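Counting the sequence shown from 1 gives a position; our numbering is that position plus 26.
By construction, the Cβ of each residue, glycine as well, lies at the ideal position given by its N, Cα and C atoms.
All figures in this text were calculated on a predicted structure; none of them were measured in a lab.
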Amino acid sequence: MADTSTSNLAKTTKPPLRIALAGLGTVGAGVIKLVEANAALIARRAGRPIHITVVSARDRGKDRGVDLSPYAWEDDMTGIAARDDVDVVVELVGGSDGPALTLARNAIRHGKALVTANKAMIAHHGMELAAAAETARVALRFEAAVAGGIPVIKGLREGAAANQIERVYGILNGTCNYILSTMEDTGRDFVEVLAEAQAMGYAEADPTFDIEGIDAAHKLSILSAIAFGAQIDFASVETTGISRILAADIAQADALGYCIRLIGMAEADAGPDGTPGLFQRVQPHLVPLDNLLAHVDGPTNAVVVEGNFSGRLLFQGPGAGDGPTASAVVADIIDIARGMDTGFEADMAFSIPVSGLEAMPPAPLGHRLGRAYIRFIVADRPGVLAEITAAMRDAGVSIESLIQKGRAGDAGAVMVAMVTHEVREAAVTEALRLLDGSPSLAAAPLVMQILGD
Ligand code: NAP
Ligand code: HSE
């Protein structure tokens, strides 16, 4: 129900903060609903009313479930930044480049604060936009870009600001988590569950970004920059998605005492020669059933931040969808409204000025120690298991358990799943290199790390 308490609004004497809203899809329509429903409360908390003055999208005639008649309409969204009746541009279009980036650059150039939920754009152009915002002395905010409704950027930038962050990891994509946990609970088919996640507004315009781990990698690269004071390096995130996971992997993981979750992980990691580097990886992991991340289901996200004085902090909540994402967008707008009284200096997008962010080289992966789940689809004939175990032996990989399941879908093919003892990742890579091209393998092996403490 709309919050229409005029007595509360009347107490706010400051002029309204005027918003241009570009993009009226899942999140944009959610922002309109939230701003209308909680108007008086928001005005009290922001110290001034928040007014949407102008909106823009592709199709003016589309029914979006919200009344657009109170707002001016602009067909050319990249032009809204130049309007005199706008203080803050809110970009909810999406895409790393194209109209979203043009609008973002225009907004900053015209001295407007910029709020965006666009992780792709921030992962690719965040350094440029943050530097431009610093020069123009305008705010750049993107809380909704990472983990939907969870205030994890605020948590890192402000709540954990006193800490050296040792590791950041968690579930960063609601669509993948919805797919994996629904497949786990119901045994339903991947494609069917993906379609459901799309219908609920969780997925990106191109769901490949979700299921191939790219969206989680965008988010991880943003978190890394804030956590480690590093320049964003999206290109160095080693990324594997969930599209190759079979129902049989989920069943096998369960039998072993694990569930499967797409995990993003970043850590400052000195290589074997002591050179400091930044480890960033998105990969499906086997998560022990007694780990708190194993209980994160549906579109929920969870981010663990390990600080040297705070210890382990857990941020958990809805990671996608209109309401939670709109909540994060409007929180940024409220912060900007408050900051109009307290000054710009407290408002560096990545917690420290862009010029102070380090260019951290990617950490080498091979020396990392861990246990791994490796799944093979192999020809069902004598000697195949011996061939696999010989490759493991020759590469120095010790096998903790190995199971051969009955026939897989393809005639004559069976699934072999193994869990290794703790081993350097380079050894697993070497074992798979030894098996590469073997006629015994009916498909490329799938490797998932096992999440440790
Ligand atoms: P969406 O439902 O696809 O909406 C996109 C909006 O942008 C639509 O209103 C569309 O106009 C407009 N648009 C797209 N391309 C355009 C173009 N070339 N010119 C003009 N307008 C254009 O997307 P969404 O889910 O709301 O996501 C918006 C942003 O929020 C994305 O950056 C996304 O990554 C991010 N985000 C989404 C979620 C979520 O749960 N959905 C969560 C966190 C962050 P029409 O409606 O007229 O076609
Ligand atoms: N497609 C994204 C997800 C939206 O599923 O997590 C939230 O960023």
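Practice task
For K40, count neighbouring Cβ atoms within 10 angstroms of its own Cβ and tell me buried if that reaches 16, exposed if not.
Solution key: Mapped onto the sequence shown, residue 40 falls at position 14. K40 is classed as exposed because its beta carbon has fewer than 16 other beta carbons within 10 Å across all chains shown.
Exercise for the section: Could you tell me the distance, in whole angstroms, from the CA atom of F376 to the CA atom of A469? Expected result: Locating residue 376 in the sequence shown gives position 350, where the first residue counts as 1. Locating residue 469 in the sequence shown gives position 443, where the first residue counts as 1. Here the C-alpha atom of F376 lies approximately 42 Å from the C-alpha atom of A469.
Exercise for the section: Per DSSP, which residues does N327 bridge with? Please list them. Expected result: Looking up residue 327 in the sequence shown gives position 301. Per DSSP, G343.
Handout entry: Straight-line Cα distance separating R364 from E371
Key = Walking along the sequence shown from the start, residue 371 turns up at place 345. Walking along the sequence shown from the start, residue 364 turns up at place 338. No answer about E371 holds up, because its pLDDT of 43 lies below 50 and its placement is not dependable.
Practice task
Quick one: give me the first and last residue of the beta strand (DSSP E) that I191 is part of.
Solution key: To locate residue 191, count along the sequence shown from 1; it is residue 165. First-last of the beta strand (DSSP E) with I191: 191-197.
Handout entry: Coarse secondary structure for L166, derived from DSSP in three states
Key = Translated into the one-based positions of the sequence shown, residue 166 becomes position 140. Correct three-state label for L166: strand.
Exercise for the section: Let me know if H311 comes out buried or exposed under the rule of 16 or more other beta-carbons within 10 Å of its beta-carbon. Expected result: Looking up residue 311 in the sequence shown gives position 285. Counting C-beta atoms within 10 angstroms of its own C-beta, H311 has 16 or more neighbours from the protein chains shown and is therefore classed as buried.
Problem - For G432, three-class secondary structure by DSSP - result: Translated into the one-based positions of the sequence shown, residue 432 becomes position 406. In the structure shown, G432 sits in a strand (DSSP, three-state: E or B).
Problem - Check your reading: residues with Cβ closer than 6 Å to ligand 2 heavy atoms - result: Taking each Cβ in turn, the ones that pass are G174, N199, G200, T201, Y228, A229, E230, D236, D241, G345, A346.
Handout entry: Test item: CB-CB of V114 and A98 under 7 Å
Key = Counting from one through the sequence shown, the residue named residue 114 turns up at place 88. Counting from one through the sequence shown, the residue named residue 98 turns up at place 72. Cβ atoms of V114 and A98: not closer than 7 Å.
Exercise for the section: May I ask whether a heavy atom of ligand 1 can be found less than 6 Å away from the beta carbon of G120? Expected result: Counting from 1 along the sequence shown, the entry for residue 120 is found at position 94. Yes, since a heavy atom of ligand 1 falls inside the 6 Å radius drawn around the Cβ of G120.
Practice task
Could you tell me whether any non-hydrogen atom of ligand 1 is closer than 6 Å to the CB of T351?
Solution key: Counting from 1 along the sequence shown, the entry for residue 351 is found at position 325. For T351, the Cβ falls inside the 6 Å cut-off from some heavy atom of ligand 1.
Practice task
Please confirm whether V141 and I359 have their CB atoms less than 7 Å apart.
Solution key: Position 115 of the sequence shown, counted from the first residue, corresponds to residue 141. Position 333 of the sequence shown, counted from the first residue, corresponds to residue 359. A Cβ-Cβ contact shorter than 7 Å links V141 with I359.
Handout entry: Paired residues, beta bridge with F402 - DSSP
Key = Looking up residue 402 in the sequence shown gives position 376. According to DSSP, F402 bridges with V442.
Handout entry: Top-ranked residue by Cα proximity to L411, from R401, G382, V442
Key = As a working note, residue 411 is residue 385 in the sequence shown. Closest option to L411, judged by alpha-carbon separation, among R401, G382, V442: V442.
Problem - Beta-carbon proximity list for E413, same chain, < 6 Å, skipping 5 on both sides - result: Your numbering for residue 413 matches position 387 in the sequence shown. Excluding sequence neighbours, E413 sits near S466.
Handout entry: For V172, the first and last residue of its enclosing alpha helix (DSSP H)
Key = For the purposes of this step, residue 172 is identified with residue 146 of the sequence shown, where counting begins at 1. Where V172 is concerned, there is no enclosing alpha helix (DSSP H), given that its DSSP letter is neither H nor E.
Exercise for the section: Helix, strand or coil for I45, going by three-state DSSP, please let me know. Expected result: For the purposes of this step, residue 45 is identified with residue 19 of the sequence shown, where counting begins at 1. Residue state for I45 is assigned as strand, using DSSP reduced to three classes.
Practice task
Measure the CB-CB distance between V116 and P125 and report whether it falls below 7 Å.
Solution key: Against the sequence shown, residue 116 aligns to sequence position 90. Against the sequence shown, residue 125 aligns to sequence position 99. No, they are not a contact pair.
Exercise for the section: Determine the closest residue to G239 out of V263, E222, A251, M226, with distance taken between C-alpha atoms. Expected result: Looking up residue 239 in the sequence shown gives position 213. The shortest Cα separation from G239 among V263, E222, A251, M226 belongs to V263.
Problem - Exposure of L166, with buried meaning 16 or more beta-carbon neighbours within 10 Å - result: Here residue 166 refers to the residue found at position 140 of the sequence shown. Buried: at least 16 other Cβ atoms inside 10 Å.
Handout entry: Distance cut-off 6 Å: V112 Cβ against heavy atoms of ligand 1
Key = Walking along the sequence shown from the start, residue 112 turns up at place 86. V112 Cβ: outside cutoff for every heavy atom of ligand 1.
Practice task
Within 10 angstroms of the Cβ of S33, are there 16 or more other Cβ atoms? Answer buried if so, exposed if not.
Solution key: On the sequence shown, position 7 is the one that residue 33 refers to. Legend: pLDDT at S33 = 48, less than 50; position of this residue unreliable, value from coordinates given subsequently. With a threshold of 16 other beta carbon atoms within 10 Å, S33 falls short and is exposed.
Handout entry: Residue burial classification, A107 (beta-carbon count within 10 angstroms, cutoff 16)
Key = One-based indexing of the sequence shown puts residue 107 at position 81. Of the other Cβ atoms in all chains shown, 16 or more fall within 10 Å of the Cβ of A107; this residue is therefore buried.
Practice task
Please check the pair A292 and L249, which I expect to be a contact at CB under 8 Å, by giving their CB distance rounded to whole angstroms.
Solution key: Translated into the one-based positions of the sequence shown, residue 292 becomes position 266. Translated into the one-based positions of the sequence shown, residue 249 becomes position 223. Between L249 and A292 the Cβ distance is about 6 Å, and since that is below 8 Å, they are a contact.
Handout entry: Own chain residues within Cβ distance below 8 Å of I237, not counting five before or after
Key = Within the sequence shown, the letter at position 211 stands for residue 237. Taking C-beta separations shorter than 8 Å and ignoring five residues to either side along the sequence, the partners of I237 in its chain run T201, C202, I205, L220, G267, I268, S269, following chain order.
Exercise for the section: Might you give, ordered along the chain, the residues of its own chain that have their beta carbon closer than 8 Å to the beta carbon of A354, omitting 5 neighbours on each side? Expected result: If you number the sequence shown from 1, residue 354 lands on position 328. If we look at A354 and ignore the five residues flanking it on each side, its Cβ neighbours are A143, E169, A170, G174, G175, I176, P177.
Practice task
Can you tell me which of Q278, A158, G56, E384 puts its alpha carbon nearest to the alpha carbon of D348?
Solution key: Working through the sequence shown from its first residue, we reach residue 348 at position 322. Looking at the Cα atoms, G56 is the closest of the given residues.
Problem - Counted within 10 angstroms of its Cβ, other Cβ atoms place I429 as buried (16 or more) or exposed - result: In the sequence shown, the residue the question calls residue 429 occupies position 403. Exposed: under 16 other Cβ atoms inside 10 Å.
Practice task
State the Cα-Cα distance for the pair D479 and L319, rounded to the nearest angstrom.
Solution key: As a first step, residue 479 is located in the sequence shown; it is residue number 453 there, counting from the start. As a first step, residue 319 is located in the sequence shown; it is residue number 293 there, counting from the start. Whole-angstrom Cα-Cα distance: 11 Å.
Exercise for the section: Find out if the Cβ-Cβ distance for the pair I276, E210 is shorter than 7 Å. Expected result: Here residue 276 refers to the residue found at position 250 of the sequence shown. Here residue 210 refers to the residue found at position 184 of the sequence shown. Between I276 and E210, the C-beta gap is smaller than 7 Å, which places the two residues in contact.
Problem - Identity of the residues DSSP links to F305 by a beta bridge - result: Position 279 of the sequence shown, counting from 1, holds the residue named residue 305. Looking at the DSSP assignment, F305 forms a beta bridge with E293.
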